[in-house]
Amino acid sequence: LAKTTQPISMDSYEGQEVNITCSHNNIATNDYITWYQQFPSQGPRFIIQGYKTKVTNEVASLFIPADRKSSTLSLPRVSLSDTAVYYCLVGAPQYSTLTFGKGTMLLVSP
Amino acid sequence: DSGVTQTPKHLITATGQRVTLRCSPRSGDLSVYWYQQSLDQGLQFLIQYYNGEERAKGNILERFSAQQFPDLHSELNLSSLELGDSALYFCASRRADGNTGELFFGEGSRLTVL
Numbered sequence: 002l003a004k005t006t007q008p009i010s011m012d013s014y015e016g017q018e019v020n021i022t023c024s025h026n027n028i029a030t031n032d033y034i035t036w037y038q039q040f041p042s043q044g045p046r047f048i049i050q051g052y053k054t055k056v057t058n059e060v061a062s063l064f065i066p067a068d069r070k071s072s073t074l075s076l077p078r079v080s081l082s083d084t085a086v087y088y089c090l091v092g093a094p095q096y097s098t099l100t101f102g103k104g105t106m107l108l109v110s111p
Numbered sequence: 379d380s381g382v383t384q385t386p387k388h389l390i391t392a393t394g395q396r397v398t399l400r401c402s403p404r405s406g407d408l409s410v411y412w413y414q415q416s417l418d419q420g421l422q423f424l425i426q427y428y429n430g431e432e433r434a435k436g437n438i439l440e441r442f443s444a445q446q447f448p449d450l451h452s453e454l455n456l457s458s459l460e461l462g463d464s465a466l467y468f469c470a471s472r473r474a475d476g477n478t479g480e481l482f483f484g485e486g487s488r489l490t491v492l
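Taken in sequence, the protein lines are chains A and B. My numbering numbers the first residue of the first sequence as 2 and each following residue consecutively. My numbering numbers the first residue of the second sequence as 379 and each following residue consecutively.
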C-alpha cells in the first residue's frame, strides 16, 4: 500500500477555504485516493474519492496532478463544524485493507 | 446514520476478562472490517471478512479473534484483556463491488479495561 504523508494539524477561520495536501510518492497505477473525516468519538465518514484530475461533490473538491504523487482536499468556506481529523488513504478499492495514518487535525475558529 | 450497528456502545471490564463486540453491517454489504483506535495509535486495521471468510489481517493480536456469520453480522472477541486494550473499536462495512473504496463506519464500541 502506498504510504501517505499529511500535515499533523492545520488552523483556519470560518468562511475560509482550506486545502489539505497529501503526499503519496509511491502510488500504484490501480490506486485510488480517498479522504475521510472523523469527529471525536465517531467513526470516520467518507468525503470524496478520485483517481486523477479533479473530483467535486457537494462538500469538497479533490485535486490530483498528472503524476498523482500528491493530492489536495479542498474544503470551501469552512465552518466550526468542519473541525475534525481528515485522513488521506491510497489503495486499490477492491483490496481495501485501508490503512489510516494519523490524519490532519483541522481546527476552525470563529 | 451509516447503517452499521455496533453493540455495546460502552463496555467496562477488568484485566484478564473476555468480551465480545458485535457488528451488524449495512443491508447488502458483504465485507466487514474491524479497526481499533486508541489515543496514541490512531486508527489501526485489525481484520476483514468477506461473506463469511477471512480476507485480510492487520495488526490483530493473537488474543483477539473475529468471525462473520451466515447472516453477515460479525463479532470481535477480545480475551485476556490488558489495560492497553482500552480503545474505541470500530466496525465498517462495504458492498465490495470493486469500484469504490467507501467504507461505512459504525459509531464504535468503547472498551475500558480497569
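Cβ atoms here follow ideal geometry from the backbone N, Cα and C, with glycine treated the same way.
One alpha carbon belongs to Leu454/B, the other to Leu439/B, and they sit about 12 angstroms apart. The beta-carbon of Gly420/B is placed less than 8 angstroms from the nearest beta-carbon of chain A.
With the criterion set as a beta carbon lying under 8 angstroms from some beta carbon of chain A, the members of the stretch 398–420 of chain B are Ser409, Tyr411, Tyr413 and Gly420, in sequence order. Distance from the CA of Arg472/B to the CA of Asp407/B, rounded to the nearest whole angstrom, comes to 5 angstroms. With 16 or more other Cβ atoms from the protein chains shown falling within 10 Å of its own Cβ, Ile48/A counts as buried. Within chain A, Ser42, Gln43 and Gly44 have C-beta atoms less than 9 angstroms from the C-beta of Gly486/B, given in sequence order.
In this structure, DSSP gives Ser457/B a state outside helix and strand, which the three-state scheme calls coil. Collapsing the DSSP output to three states places Gly462/B in a helix.
Within the same chain, Thr22, Cys23, Ser24 and His25 come within 7 angstroms of Ser71/A by CB-CB distance, once the 5 residues on both sides are set aside.
Residue-level contact check: Phe423/B touches chain A, since one or more beta carbons of chain A fall below 8 angstroms from its beta carbon. The secondary-structure analysis by DSSP pairs Gly44/A with nothing; it has no beta-bridge partner. In this structure Pro66/A is exposed. Its beta-carbon is surrounded by fewer than 16 other beta-carbon atoms within 10 angstroms. Along the stretch 438–464 of chain B, there is no position whose C-beta sits under 7 angstroms from a C-beta of chain A. If one requires a minimum length of 4 residues, no alpha helix (DSSP H) run lies completely within the stretch 411–462 of chain B. With fewer than 16 other CB atoms across the displayed protein chains lying within 10 angstroms of its CB, Val60/A is exposed.
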